[in-house]
Amino acid sequence: MKEPQLSIGPIVSSSHLAEGAMPALSELEFALTVMGNAFHSWIVRCMTAAGYPGLGHMEVLILHATNHRQREKSLSDLCVMLNIEDTHIVTYAAKKLQGNGLIMTGRRGKEKTLKVTEKGAAACHRYGEMREALLIADARTLHLDEADISRLAGLMRVLSGQYDQAARGAASL
4 MKEPQLSIGP
14 IVSSSHLAEG
24 AMPALSELEF
34 ALTVMGNAFH
44 SWIVRCMTAA
54 GYPGLGHMEV
64 LILHATNHRQ
74 REKSLSDLCV
84 MLNIEDTHIV
94 TYAAKKLQGN
104 GLIMTGRRGK
114 EKTLKVTEKG
124 AAACHRYGEM
134 REALLIADAR
144 TLHLDEADIS
154 RLAGLMRVLS
164 GQYDQAARGA
174 ASL
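When we follow my numbering, the leftmost residue of the sequence shown carries the number 4, and every step to the right adds one.
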């Protein structure tokens, strides 16, 4: 005799939000929260393992974004790229990175720019080596379909637009 399956519903942190018309979105929000916190913890620990302790997750993100394509970035470029509304967050991270010799600042007209230093590029390279050894090697054993991961990333970018639009609506109330 087959035992009845227990139906527990979606895994959420706020059941009252899953009672609406789209409980799967509440499930995704909880997964994003847990994954976001795990990701932030990971990048800080990976950077520490790479030999660059004392950076917060925002500094690590700003360093890698600044290193992207080896081109200087303006503060507004980084805000748009990472969907950060408060430029002070990027400014604070930049000061900390500059203090550690990982980036240098410049100007493009009136706008402040950031560029990775040789030390910063070396930090990003070492981080990449640690990432390959500690994360990618294990993740590959899961035999995840890279096309599925890419589609999920695309879905997440599309949904970020929905959240941005909803935020604009909430701000106008």
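Glycine included, each C-beta is placed from N, C-alpha and C at the ideal position.
Counting Cβ pairs, one atom from each stretch, are 3 or more of them under 8 angstroms apart for the segment 13-21 and the segment 29-48?
-> yes
Residues that DSSP places opposite Leu138 in a beta bridge | Along the sequence shown, one-based indexing puts residue 138 at 135. For Leu138, which the question treats as bridged, DSSP gives no partner whatsoever.
Whole angstroms is fine: what's the gap from Tyr95's alpha carbon to Thr51's?
-> Locating residue 95 in the sequence shown gives position 92, where the first residue counts as 1. Locating residue 51 in the sequence shown gives position 48, where the first residue counts as 1. Their backbone Cα atoms lie some 19 angstroms apart in a straight line.
So, is Gly123 buried or exposed, given that buried needs 16 or more other C-beta atoms within 10 angstroms?
-> Here the question's residue 123 lines up with position 120 in the sequence shown. The residue is buried, with at least 16 neighbouring Cβ atoms inside 10 Å.
Say whether the segment 92-109 touches the segment 60-68, bearing in mind that this needs 3 or more beta-carbon pairs closer than 8 angstroms, one atom from each stretch.
-> yes
If I'm right that Leu78 touches Lys115 with Cβ under 8 angstroms, what's the distance once you round it to whole angstroms?
-> Translated into positions along the sequence shown, residue 78 becomes position 75. Translated into positions along the sequence shown, residue 115 becomes position 112. With a Cβ gap of about 5 angstroms, Leu78 and Lys115 count as contacting.
Who does Ser77 pair with in a DSSP beta bridge?
-> As a working note, residue 77 is residue 74 in the sequence shown. In the DSSP output, where bridge partners are listed per residue, Ser77 has Thr116.
Cβ atoms of Arg171 and Ala53: under 8 angstroms apart, would you say?
-> If you number the sequence shown from 1, residue 53 lands on position 50. If you number the sequence shown from 1, residue 171 lands on position 168. No, these two residues do not count as a Cβ contact at 8 angstroms.
Which partner residues does Thr90 have in the DSSP bridge list?
-> For the purposes of this step, residue 90 is taken as the residue at position 87 of the sequence shown. DSSP output for Thr90 lists no bridge partner at all.
If you scan the segment 11-88 from start to end, which runs of the alpha helix (DSSP H) of 4 or more residues do you find wholly inside it?
-> 26-52, 60-70 and 78-85
Is Thr120 closer than 8 angstroms to Gly104 when the C-beta atoms are compared?
-> Position 101 of the sequence shown holds residue 104. Position 117 of the sequence shown holds residue 120. Yes; because the gap between Cβ atoms is below 8 angstroms, this pair is in contact.
Is Ile87 near Ala97, with beta carbons less than 8 angstroms apart?
-> To locate residue 87, count along the sequence shown from 1; it is residue 84. To locate residue 97, count along the sequence shown from 1; it is residue 94. Not in contact: Ile87 and Ala97 (Cβ atoms no closer than 8 angstroms).
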